[in-house]
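Just add 84 to the spot in the sequence shown (first one is 1) and you have the numbering used here.
Below is one structure, written out as structure tokens, with a few remarks after it.
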Amino acid sequence: MTVVEHLAELRTRLMISIAAVAIGAVICFIFASDIIEWFLHFYKEATDGERDAFIFTGPVDGFATRLKVATYGGIVLATPVWLWELWRFITPGLNPKEKRYAVPFVITSVALFVLGGVVALFTLQPALDFLLNVGGDSLQPLLTADKFLSLVSLMIVAFGIAFEFPVVLMFLLIARVISTQQLRRSRRWAIVGIFAFAAVITPSQDPYSLFLMAIPLVLFYEAVIVIGRVMHR
């Protein structure tokens with residue numbers, strides 16, 4: 085394929101992905117009130133029931149918050165589509181043996197993204213307890229819906245993307261860009277890099293989120309080494 089053909093292919097894949105995200109966003113916009121009410125539960129738990137609603141300070145903040153929920157929700161709901169389109173864009177550069185991994189790649193990627201989102205939700209409660217109480221009794225939380233939902237949404241997306249780490253490593257192994265020997269030799273530096281990455285990418289910057297992201301990534305790294313050795317890579 086020429087450069088122009090690659091760009092045309094990229095445009096097609098992007099348009100399909102954007103359309104899928106838009107459809108997911110419409111669905112989430114319709115159910116935004118229920119989604120916000122569900123997230124409010126975590127806020128109530130972190131404040132021992134003292135806060136039973138979010139606040140907003142501007143006339144358009146309520147609508148903007150609903151749009152934000154719809155946008156992030158659309159990205160999550162459209163995960164199978166945009167991951168499939170990403171793989172379809174990559175596959176022309178692979179040989180037939182490597183292309184057969186398309187379906188497992190997408191299924192595993194979706195499963196890991198969902199797993200990352202679930203871990204983020206499990207992390208949310210202790211993270212909120214830490215963040216809302218670390219300032220002491222002199223500081224009382226009164227959160228706006230926009231900031232709270234931005235934090236929660238970014239945590240889910242950050243964990244979901246971070247949990248794609250083993251898929252990227254496996255793709256590099258299958259494409260023979262790296263080998264298991266290189267992964268084993270780089271283990272120490274990889275662990276340091278994983279913890280540094282987790283410290284930077286976690287939106288809440290609390291220790292719970294850092295460790296609950298970094299530890300699974302380290303385990304994924306070791307699992308990829310084992311699978312790579314079984315595959316003689």
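A virtual CB, placed ideally from N, CA and C, is assigned to each residue, including glycine.
- Annotation: residue 260 is outside any alpha helix (DSSP H) and is labelled neither H nor E by DSSP.
- For residue 129, same chain residues with a beta-carbon under 7 Å away, outside a window of 5 residues either side, are 209 in chain order.
- In this chain, the alpha helix (DSSP H) harbouring residue 146 covers 145-161.
- Here the C-alpha atom of residue 269 lies approximately 45 Å from the C-alpha atom of residue 112.
- Our two residues, residue 191 and residue 307, have alpha carbons roughly 18 Å apart in a direct line.
- Two segments are said to touch when three or more pairs of C-beta atoms, one from each, lie closer than 8 Å; by this definition the segment 211-218 does not touch the segment 242-259.
- Taking the Cα positions, residue 151 is about 30 Å away from residue 172.
- By the beta-carbon neighbour count (other beta carbons within 10 angstroms, threshold 16), residue 142 is exposed.
- DSSP places residue 299 in the uninterrupted alpha helix (DSSP H) bounded by 291-314.
- In this structure, residue 278 keeps its C-beta atom at 8 Å or more from the C-beta atom of residue 261.
- Going by beta carbons, residue 201 and residue 160 fall inside the 8 Å limit.
- A check of alpha carbon separations from residue 169 across 292, 96, 257 identifies 96 as the nearest.
- Residue pairing by DSSP leaves residue 96 without any beta bridge partner.
- Separation of residue 89 and residue 188 (C-alpha to C-alpha, rounded to the nearest whole angstrom) is 27 Å.
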